[in-house]
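First comes the structure, then the notes that go with it.
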Amino acid sequence: MRRDLARSSRLRPIDGCFVFLPFPNYRTNSCLLLTKLLADGLVAHPSLFLFSNSTMVNHPEFEKAGKQPGLQVWRIENMDLVPVPKNLHGGFYTGDTYLILNTIKQNSGNLQYDLHFWIGDACSIDESGAAAIFTVQMDDFLGGKPIQYREVQGYESKTFVGYFKSGLKYMQGGVASGFKHVASGEVNVKRVLHVSGRRVVRAIEVPVSWDSFNQGDCFILDFGQEIYQWCGSKCNQFERLKATSVSKDIRDNERCGRAKLFVCEEGSENEKILTILGPKPDLPDAQTEDTKTDASNRKSAKLYKVSNASGSMSVTLVAEENPFSQSALQSTDCFILDHGSNGKIFVWKGKEANKEERSAGMKAAEDFISKMGYPKHTEVQIIPENGETPLFKQFFKFWHDTDQTKGMGQAYVPNKIAKIKKVPFDASSLHKSEAMAAQHGMVDDGKGEKKIWRIEGSDKVPVDPSILGQFFGGDSYIILYSYKHGGRQGQIIYIWQGEESSQDEKGASAILAAQLDTELGGSPVQVRVIEGKEPPHLMSIFGGQPMVVHKGGTSREGGQSKASAVRLFQVRANPAGHTRAVEVDPVASSLNSNDAFVLVTASGSMLWLGHGASNAEKNGVKKLGSILRVDLSEISEGAEGDGFWSALGGKADYRTSERLKSKMDTHPPRLFACSNKTGQFLIEEVPGEMTQEDLAPDDVMILDTWDQVFVWIGNEANEDEKREAVTSAAKYIESDPASRDKRTPIVTVKQGFEPPTFTGWFLGWDHDFWSSNPLERAMAGLKM
């Protein structure tokens, strides 16, 4: 079958291929036949169905796929699937293709699958086609449940690289040229690996020559029984630390711990290195900094519908700007979410779409990438309906999961290796659980020492203790809170800025807070709070009383504006049971069935309880009456009299729908490194499970927990980045595709002074981690 046959007027590409094979060696022959058809342009999409004696035949490896949680890797060898031993996971030949399946057990007991096919730079069209075929087949075998990813060497998704925290290793060659995965303990090896990347560590096999080296990176000289980690004179500690993980992985897994590992600084090469590489010449400086994502591209996306209703595949624009409406996704069709400006394409498969549309998802994405002129390495994810990932959901204004898990328990975050256990709030055990502290935003039970100042001009003035917990929208405040956690002393500086506070006072509050931070030795955590976005802990520090926010006005002596004749306060509780009372416009449309309200008038005051008000809100609204020094008559929703509606200016529609509750698995925590060194705001996400080691002392990091954004400042970060840290966080929120609330609290945390609300998001946080040099500890771990 020749390529010119594809151009014959008598032959047209077909959408699928049925291969009837009564003979035993069906796998090799079928893949060879179909990939030949692909190469010759006679098959439009690799949908392969294997039949033997009229029965569908599945590859034997499929029977082993996804049975237990964990990672499985297969290499395509002679058009067949061959499993890669677990100790060799993370190593890829550039001339080959691979299938990778990650299986996660969900809270419901169901299994979630992430299915990747990886394409090496030098792989053949035949092998690439075979990988696509096996991916479609395995997806079908697993009931269409997997999220599919196309991975291109050097441009892998964050999900993919997150599986290999010790780094990816690219080896030259492939099965076609006789290269096999190195057997455990193999010592007949001579290669050089160039280690690069701070977040995503890649070790790329390069020629065994000094021409491959530079002064800014680390290299691994693998001579089988001896492994040398060579560190350039201009590489920093964080890069050295990452290189040690690759070196250790080769020694412990590929050599089963039998090789000796040495660290060699540039200029201290031993005789063996010089014998193999020759005399060392002058080496070039470091290569350019690793590519990061330009945050200006994060926000824009478009939504298209894919259909073959007309007999041929077509793509139609549905929405030109995000956030999209979830209702735009119809179960009878497939859709492409175009985030190509940020290097990603999502294909959403409706559960009722026809088989041709569902099977053609990858082909449609590749054609779309070509049509739009996007790079060939653009990431592709194929997502089944009800299997949507948090990264996909972020483009929609509201997302409702049809199969939401009820109650608390163990939940597994989609698209993450990390298992984040949801922890219910319990004040009595809060001091024992940093995970609880993090998930509920509570460093302690709110009973620590507190000092509050109001901003007046360019000074801070102590607030009268008699009005503790009462704030005015025309003012800005500084609150210093001191607490103990696990024997450690901690301090938080809250900067609360009222909506109607002047820009001068808001600016002064930030300057005065920075001065207070300096006076206290730089150890406090700084939290910027915009009125209406108060974090849970701030609401807890007022002795069990509601935090009260008066509308406008000021609390300063002699500057009090006259209170309105009619005032309405809305009371709402957080999950920990602490309440906030906010003065709102005294009109009926301000009411909400989920909350409790206090209506204050000259003729009397009323307590209004919505149908959905919690016990904490009912208690809080009664305490508010005492704070306002008014006697309250109780009214339930639906039993209001004419006097109530008259005080609010008459009846009007108000919110009666059930309050939406955010879910941790809808917005899992994410960690980013940020930089503005080039004049652009650049961010790079840290892949996989977050660990303390991911926090680079020479960087500014952003930890996004959705309800608040932490800015972590490393001790070695440059002064410009330190100054711009909060601005960077604000830019991050502004550029989020999910159209985040710009008032989201920003918490500034310094290395070594992390509060439990920060540390609880990391597994196994070690408070003494930075008391010794992490690199020295890692180097010590290399010695056996």
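Read in order, the letters of the sequence shown correspond to residues 1 to 784 in UniProt numbering. In this text, a Cβ means the ideal position worked out from N, Cα and C, and glycines have one as well.
| query | result |
| --- | --- |
| Enumerate in chain order the residues of its own chain whose CB-to-CB distance from Ala730 is below 8 Å, with the five nearest sequence positions on each side excluded. | Lys742, Ile746 |
| Just the Cα atoms here: how many angstroms apart are Ala673 and His377? | 23 Å |
| CA-CA distance, Asn253 and Asp114? | 24 Å |
| Please classify Asn322: is it buried, with 16 or more other beta-carbons within 10 angstroms of its beta-carbon, or exposed? | buried |
| Nearest to Arg580 by CA position, among Met79, Gln570, Ser509, Asn102, is which residue? | Gln570 |
| Hey, Tyr163 and Gly688 are a contact pair by Cβ (cut 8 Å); roughly how many whole angstroms apart? | 7 Å |
| Report the residue ranges of all beta strand (DSSP E) runs contained in full by the region 599 to 633; include only those spanning at least 3 residues, in chain order. | 604 to 609 |
| Considering only the beta carbon of each residue, do Leu277 and Gln215 sit closer than 7 Å? | no |
| Given 6 Å as the limit, tell me if Glu266 has its C-beta closer than that to any heavy atom belonging to the ligand SAM. | The ligand SAM is absent from the structure shown, which contains no ligands of any kind. |
| Measuring alpha carbon to alpha carbon, tell me which of Phe62, Asp699, Glu734 ends up nearest Ala717. | Asp699 |
| Can you confirm whether the region 491 to 508 touches the region 702 to 719 when touching is taken to mean that 3 or more C-beta pairs between the two stretches lie within less than 8 Å? | no |
| Mind reading off the beta-carbon distance from Asp217 to Ser247? Whole number of angstroms is fine, and I expect it under 8 Å. | Actually they do not touch by this definition, with Cβ atoms about 14 Å apart. |
| From Asp290 to Asp211, what does the alpha carbon distance come to, in whole angstroms? | For Asp290, the predicted model reports a pLDDT of 46, less than 50, meaning its position is unreliable and no value from the coordinates is stated. |
| In this structure, does DSSP put Trp210 in helix, strand or coil? | helix |
| For Asp768 and Tyr481, I'd like the C-alpha separation in whole angstroms. | 23 Å |
| In the DSSP assignment, find the beta strand (DSSP E) that holds Leu703 and state where it starts and stops. | 700 to 704 |
| Please list the terminal residues of the continuous beta strand (DSSP E) segment that includes Arg528. | 525 to 530 |
| If you scan the region 564 to 594 from start to end, which runs of the beta strand (DSSP E) of 3 or more residues do you find wholly inside it? | 567 to 573, 579 to 584 |
| Buried or exposed for Asn592, going by 16 or more other Cβ atoms inside 10 Å? | buried |
| I'd like the list of long-range same chain contacts for Ser428, defined as Cβ closer than 8 Å, with 5 residues on each side in sequence excluded. | Caution applies to Ser428, whose pLDDT of 46 falls short of 50 and renders its modelled position unreliable; the model cannot decide the point. |
| Assign Pro384 to buried or exposed, taking buried as 16 or more other Cβ atoms, counted over all protein chains shown, within 10 Å of its Cβ. | buried |
| Alpha carbon to alpha carbon, what distance is there between Asp445 and Phe262? | 50 Å |
| Just the Cα atoms here: how many angstroms apart are Ala65 and Trp118? | 17 Å |
| Please report the straight-line C-alpha distance between Pro60 and Met138, rounded to a whole angstrom. | 11 Å |
| Take the Cβ of Leu520 as the centre, count every other Cβ of all protein chains shown within 10 Å, and call the residue buried at 16 or more, exposed below. | exposed |
| Which of the three DSSP states, helix, strand or coil, is assigned to Phe18? | Bear in mind that the predicted position of Phe18 carries a pLDDT of just 40, short of 50, making it unreliable; the figure below should be weighed with that in mind. Strand. |
| Would you say Lys460 and Ile478 are within 7 Å of each other, going by their C-beta atoms? | yes |
| Give the secondary structure of Asp222 by DSSP, where H, G and I count as helix, E and B as strand, and everything else as coil. | strand |
| Consider the Cβ of His400: report whether some Cβ of chain B lies at a distance smaller than 7 Å. | The structure shown contains no chain B; it holds only a single protein chain. |
| Looking only at DSSP bridge pairs, what is Gln515 linked to? | Its beta-bridge partners do not exist; DSSP assigns none. |
| Closest to Glu505 by C-alpha separation, out of Leu101, Gly361, Ala613, Trp453, would be which residue? | Trp453 |
| Secondary structure at Asp114, three-state DSSP: helix, strand or coil? | strand |
| Candidates Asp80, Asn102, Thr97, Gly95: which alpha carbon is nearest Leu71's? | Asn102 |
| Could you tell me the distance, in whole angstroms, from the CA atom of Phe396 to the CA atom of Lys351? | 19 Å |
| What are the boundary residues of the beta strand (DSSP E) that includes His485? | 476 to 485 |
| Taking the beta strand (DSSP E) that His339 falls in, what are its first and last residues? | 334 to 339 |
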